[in-house]
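Numbering (the numbering used here), first residue to last: 16 to 203. Scroll down for the structure; my scribbles are underneath it.
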């Protein structure tokens, strides 16, 4: 809309609220709290397109008469990107938890940033989130931590993968197993 098309018109004249019940909730919050911040709504544009928005508002007085001052930001693009990010994470998780290998990734300090379900199970954890933030020193295989860190440093320092080698690992139950491991540097 142009400024000329809006001035003197109500939200009802312009049919701005895609969901009129949201307007009722917004007004109720304003009356209860005198202001509202970051209230998420859907707005209808002049063309009829529905857009995601965040609005904030408060009651102000002009010549002792109350008015509602509202400002808004279009967040449609941000919501689209957030949705794509969630879908991408879900796809990565699905792929990682479908392949029959253990996968993990660490930062330069050797702190686990993520893993798949098989790796989490090997670590005695019920889900991958429980591994995040730990190091090899906190795992059942603490006695091999220096060996693993040595391999990590080699891969980090050279920037070259170390592929298909065997190494021991102590399970959470205290049993020693042998793993075929590959470590690859992830950049950026």
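Built from N, CA and C at the ideal position, the CB exists for glycine as well. Being a predicted model, the structure only gives us computed values, none of them experimental.
### Task
Compare the Cα-Cα distances from residue 73 to each of 149, 84, 145 and 169 and report the closest residue.
Comparing Cα positions, the closest option is 84.
### Message
Contact defined as beta carbons within less than 8 Å: I believe residue 127 pairs with residue 146. What is the distance between those atoms, to the nearest angstrom?
### Response
Sure, about 5 Å apart at Cβ, within 8 Å.
### Query
For residue 59, which of 38, 78, 45 and 79 has the nearest alpha-carbon?
Proximity to residue 59 across 38, 78, 45 and 79 peaks at 38, based on C-alpha coordinates.
### Query
Between residue 71 and residue 123, what straight-line distance do the alpha-carbon atoms span, to the nearest angstrom?
Their Cα atoms are separated by approximately 42 Å.
### Message
Among the candidates 187, 167 and 202, whose CA atom is the shortest distance from the CA of residue 196?
### Response
The candidate whose alpha carbon is nearest that of residue 196 is 167.
### Where residue 136 sits in the DSSP three-state scheme
DSSP places residue 136 in helix when its eight states are reduced to three.
#### Entry: Identity of the residues DSSP links to residue 180 by a beta bridge
Answer is 196.
#### Entry: Segment limits, alpha helix (DSSP H) that includes residue 220
Residue 220 is absent from the structure shown; the chain starts at 16 and stops at 203.
### Query
Going straight from the alpha carbon of residue 135 to that of residue 184, what length do you get?
A straight line joining the alpha-carbon of residue 135 with that of residue 184 spans about 14 Å.
### Task
Look at residue 34 and residue 57 and say whether their C-beta atoms are less than 8 Å apart.
Against a cut-off of 8 Å, the Cβ pair of residue 57 and residue 34 comes out as a contact.
### Task
Return the chain-ordered list of same chain residues with a C-beta closer than 7 Å to the C-beta of residue 53, the five sequence neighbours on each side being excluded.
The residues are 69 and 71.
### Query
In three-state DSSP terms, what is residue 165?
DSSP places residue 165 in helix when its eight states are reduced to three.
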